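**Student:**
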Amino acid sequence: MSSTKAARIGEEVWKTRIDKVNAELVTLTYGSIVAQLCKDYEGDYMEVNKQLDKMGYNIGLRLIEDFLAKTNTGRCINFRDTAETISKIGFKVFLNITPTVTNWATDNKQFSLVFEENPLADFVELPDDGRAQNELWYSNILCGVLRGALEMVQMQVDAHFTSDVLRGNETTEMRVSLIRIIDDELPPGDD
Amino acid sequence: LSSSSLDLLLIELVPLAKRMAEQLATNDGPLEDEEKREAMFFRLEQLGYRVGQGLVERFSRERPRMVETLDVIKFICKDIWMIVFRKQIDNLKTNHRGVYVLTDNSFRPFSRMSVEAGGNAVLRAQPFLWFPCGIVRGALANMGVNASVQAETNDIPTAIFKIETTGAKAA
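Taken in order, these protein sequences are the chains called A and B. Using the numbering used here, read the first sequence as starting at 3 and increasing by one per residue. Using the numbering used here, read the second sequence as starting at 13 and increasing by one per residue.
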């Protein structure tokens, strides 16, 4: 599927088939979750990242069904195709953003998503304790979502953020790497 | 944003709270079921509370100040409910002595739940009411009304919220 076609599908589904909800509500809710986690784990940001990722993973497992039902997308022919679908349709449909797909590895198994905007992180400032800036990945839930959703379509991937404007970086970038295609016979492992 | 994003996020809140309650508790010995529920409730309610406060800050700015408690409650029934659950409260009752009962006949978070006959659906649905409870309490608190909020469901997808205001409205 070409990138423009994916973009068109994403746009169309977003316009016609999606129930909308106030974005600030989602931002607020997510913000509360992160804040609560930070408090409960007393600034153990590694643990917070882990919990967010896990939460995302569980969401991804459910989200993929919703995604397939709404968009009617077929099987992706290769990982490049997958990347376009994630960015132009997946993110568009659920968050109304289209992160840029870029920085392909030469073996076509790794790419980056660069987020120009991120509704989760609107009006966010990280705690000013000198550590959150280096340790907390505020939007880590998105990595989990990708991991969970892709696992349900037989792709085991690793996803993690490599930079975040909240940390003072120039861009917000997530690196996604394909680990392997899961064989049909295998039941999905439960995490 | 897509409403699915929010729905899915909210669904996952409860297991998250449960995991955290369990994990944090193991530091000081295993918990009784009752205590665990308690800890979950507390977390979810706190989360809701923050969200409720935030919502009021954002969405009541352009409105005239609400003087009467009843106005505040109405604001929650209409505006806040609309934002969070995409519908208004179906029924509002009050005894005019500080108790308000809000009934939502098709409570949004329950709309995707399956109810198996004889299952403990009602009991299992309970945790999903705690977060909204917090929202209501947080919203009220930010508009100067101290209250305790309880919610129950007897028949999914109906949810009933009972607000008991305590003390006078702060000046």
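Glycine is no exception: its CB is placed at the ideal position from the N, C-alpha and C atoms. Here the structure is a predicted model, which is why all the values come from computation and not from measurement.
Count the other CB atoms within 10 Å of the CB of R64 of chain A; is the residue buried (16 or more) or exposed (fewer)?
**Tutor:** Residue numbering aside, residue 64 of chain A sits at position 62 when the first sequence is read from its first letter. Buried, since its Cβ has 16 or more Cβ neighbours within 10 Å.
**Student:** Per DSSP, which residues does Y112 of chain B bridge with? Please list them.
**Tutor:** Position 100 of the second sequence, counted from the first residue, corresponds to residue 112 of chain B. In the DSSP output, where bridge partners are listed per residue, Y112 of chain B has B:T106 and B:I175.
**Student:** Counting only Cβ-Cβ distances shorter than 8 Å, please list the residues of the stretch 78-107 of chain B near chain A, keeping chain order.
**Tutor:** Taking 8 Å as the Cβ-Cβ cut-off against chain A, the residues of the stretch 78-107 of chain B that qualify are I95, V96 and R98.
**Student:** Can a CB atom of chain A be found closer than 8 Å to the CB of G156 of chain B?
**Tutor:** Taking the first residue of the second sequence as 1, we reach residue 156 of chain B at position 144. Taking Cβ atoms only, chain A never reaches closer than 8 Å to G156 of chain B, which makes this a no.
**Student:** Less than 8 Å between C-beta atoms, sequence neighbours within five positions excluded: which residues of the same chain meet that for K17 of chain A?
**Tutor:** Sequence index remark: in the first sequence, residue 17 of chain A carries index 15 (1-based). Cβ within range, chain order: n/a, list empty.
**Student:** Once DSSP output is grouped into helix, strand and coil, what is the label at I92 of chain B?
**Tutor:** Residue numbering aside, residue 92 of chain B sits at position 80 when the second sequence is read from its first letter. It is helical.
**Student:** Using a C-beta to C-beta distance shorter than 9 Å, which residues of chain A count as neighbours of R55 of chain B?
**Tutor:** On the second sequence, position 43 is the one that residue 55 of chain B refers to. Neighbours of R55 of chain B on chain A, chain order: Q38 and D42.
**Student:** If contact means a Cβ-Cβ distance below 7 Å, which residues of the stretch 59-71 of chain B contact chain A?
**Tutor:** Flagged, chain order: L59, R62, V63, G66, L67 and R70.
**Student:** So P2 of chain A packs on L115 of chain A, CB below 8 Å; how close in whole Å?
**Tutor:** Residue coverage of chain A in this structure runs from 3 to 193, which leaves residue 2 of chain A outside it and unanswerable.
**Student:** With the cut-off set at 8 Å, would you say G12 of chain A and I79 of chain A are in Cβ contact?
**Tutor:** In the first sequence, residue 12 of chain A corresponds to position 10, counting from 1. In the first sequence, residue 79 of chain A corresponds to position 77, counting from 1. Not in contact: G12 of chain A and I79 of chain A (Cβ atoms no closer than 8 Å).
**Student:** Strictly under 8 Å for the Cβ-Cβ distance: is L30 of chain A near chain B by that measure?
**Tutor:** For the purposes of this step, residue 30 of chain A is taken as residue 28 along the first sequence, with counting starting at 1. L30 of chain A counts as touching chain B.
**Student:** Three-state secondary structure (DSSP) at F113 of chain A?
**Tutor:** Taking the first sequence and counting its residues from 1, the one referred to as residue 113 of chain A is at position 111. If DSSP states are grouped into helix, strand and coil, F113 of chain A belongs with the strands.
**Student:** Take the Cβ of A163 of chain B as the centre, count every other Cβ of all protein chains shown within 10 Å, and call the residue buried at 16 or more, exposed below.
**Tutor:** In the second sequence, residue 163 of chain B corresponds to position 151, counting from 1. Buried is the call here.
**Student:** Quick check on this structure: which residue in A:R169, A:N142, A:Q156 and A:L180 has the alpha carbon closest to the alpha carbon of Y32 of chain A?
**Tutor:** On the first sequence, position 30 is the one that residue 32 of chain A refers to. That would be A:N142, whose Cα lies nearest to the Cα of Y32 of chain A.
**Student:** Quick check: is the beta carbon of E26 of chain A nearer than 8 Å to any beta carbon in chain B?
**Tutor:** Residue numbering aside, residue 26 of chain A sits at position 24 when the first sequence is read from its first letter. Answer yes: the Cβ-Cβ gap between E26 of chain A and chain B drops below 8 Å somewhere.
**Student:** Would you kindly report the start and end of the unbroken alpha helix (DSSP H) that includes V28 of chain A?
**Tutor:** If you number the first sequence from 1, residue 28 of chain A lands on position 26. Run containing V28 of chain A: A25 to D42, per the alpha helix (DSSP H) assignment.
**Student:** Could you confirm whether any beta carbon from chain B is found closer than 8 Å to the beta carbon of I11 of chain A?
**Tutor:** As a first step, residue 11 of chain A is located in the first sequence; it is residue number 9 there, counting from the start. Taking Cβ atoms only, chain B never reaches closer than 8 Å to I11 of chain A, which makes this a no.
**Student:** Can you name the residues of chain B whose CB is closer than 7 Å to the CB of S34 of chain A?
**Tutor:** Translated into positions along the first sequence, residue 34 of chain A becomes position 32. Correct list: L59, R62 and V63.
**Student:** What does the Cβ neighbour count give for V68 of chain B, buried or exposed, with the cut at 16 atoms within 10 Å?
**Tutor:** Reading the second sequence from its first residue, position 56 is the one you call residue 68 of chain B. Buried: at least 16 other Cβ atoms inside 10 Å.
**Student:** So what's R77 of chain A in DSSP terms, helix, strand or just coil?
**Tutor:** Sequence index remark: in the first sequence, residue 77 of chain A carries index 75 (1-based). DSSP places R77 of chain A in coil when its eight states are reduced to three.
**Student:** Using only the alpha-carbon positions, how far apart do E118 of chain A and T174 of chain A sit?
**Tutor:** For the purposes of this step, residue 118 of chain A is taken as residue 116 along the first sequence, with counting starting at 1. For the purposes of this step, residue 174 of chain A is taken as residue 172 along the first sequence, with counting starting at 1. Roughly 7 Å between the two C-alpha positions.
**Student:** Counting contacts by CB-CB distance shorter than 8 Å, is D193 of chain A in contact with chain B?
**Tutor:** Along the first sequence, read from residue 1 onward, the residue named residue 193 of chain A stands at position 191. Low confidence applies to D193 of chain A: its pLDDT is 49, below 50, so where it sits in the model is not reliable enough to give any reading.
**Student:** Scan the stretch 136-167 of chain A and note each continuous beta strand (DSSP E) run of 3 residues or more that stays entirely inside, going in chain order.
**Tutor:** Counting whole runs of 3 or more residues, the stretch 136-167 of chain A contains the beta strand (DSSP E) stretches 157-165.
**Student:** How many Å lie between A182 of chain B and R77 of chain A at the Cα?
**Tutor:** Translated into positions along the second sequence, residue 182 of chain B becomes position 170. Translated into positions along the first sequence, residue 77 of chain A becomes position 75. Because A182 of chain B carries a pLDDT of 42, less than 50, the predicted location of this residue cannot be relied on, and the following value inherits that uncertainty. So the alpha carbons of these two residues sit roughly 60 Å apart.
**Student:** For the ligand PLP, I want to know if W106 of chain A counts as a neighbour, meaning its beta carbon is within less than 7 Å of at least one of the ligand's heavy atoms.
**Tutor:** The ligand PLP is absent from the structure shown, which contains no ligand whatsoever.
**Student:** P169 of chain B: which of B:M155, B:S118 and B:T178 sits nearest, CA to CA?
**Tutor:** As a first step, residue 169 of chain B is located in the second sequence; it is residue number 157 there, counting from the start. Closest option to P169 of chain B, Cα to Cα, is B:S118.
**Student:** Since S179 of chain A and N171 of chain A should fall inside the 8 Å C-beta cutoff, what is the C-beta to C-beta distance between them, to a whole number of angstroms?
**Tutor:** Your numbering for residue 179 of chain A matches position 177 in the first sequence. Your numbering for residue 171 of chain A matches position 169 in the first sequence. That pair is no contact at about 20 Å.
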